[in-house]
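Residues in the sequence shown are numbered consecutively from 8, following our numbering.
We treat Cβ as the ideally placed atom computed from N, Cα and C, and that holds for glycine.
This report refers to the structure that appears directly beneath it.
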Amino acid sequence: MTDVDDAEDAVIAGLESFFEPPETIEQFFTSSTILKASGVEFERKGKGIWQMNYKRQNYTVTFSPSIFDEMPSLRFMNFGDPLFEDLL
């Protein structure tokens with residue numbers, strides 16, 4: 008291996024740790040005591056599908072890109088979505 012290969016591997020490893028997998032983001036939101044104390048409620052409706060109650064509105068959401076691809080009627084909770092960012 009060359010120094011360039013080592014540097015490239017280090018950059019890739021750093022990027023992988025920077026971007027959290029959907030499961031981690033899902034767990035962060037759905038198990039957050041801070042969100043729950045703020046009145047946000049999550050109820051599991053299926054694998055990777057949640058019913059979220061926020062400000063007296065119900066949303067059917069997913070944190071998984073693959074589930075969203077299969078069911079685009081769900082709200083995809085990720086960076087760029089105003090609801091997602093409001094909850095941050």
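- Sixteen is the threshold: since fewer than 16 other Cβ atoms of the shown chains lie within 10 Å of the Cβ of SER80, the residue is exposed.
- In the assembly as shown, GLY53 is an exposed residue. Its beta-carbon has fewer than 16 other beta-carbons within 10 Å.
- Apart from the 5 residues on each side of it in sequence, THR37 sits with its Cβ closer than 7 Å to the Cβ of PHE49 and TRP57 in its chain, given in chain order.
- If you look at PHE49, you'll find it in the beta strand (DSSP E) that goes 48-53.
- Apart from the 5 residues on each side of it in sequence, PHE75 sits with its Cβ closer than 8 Å to the Cβ of THR69, LEU81 and PHE83 in its chain, given in chain order.
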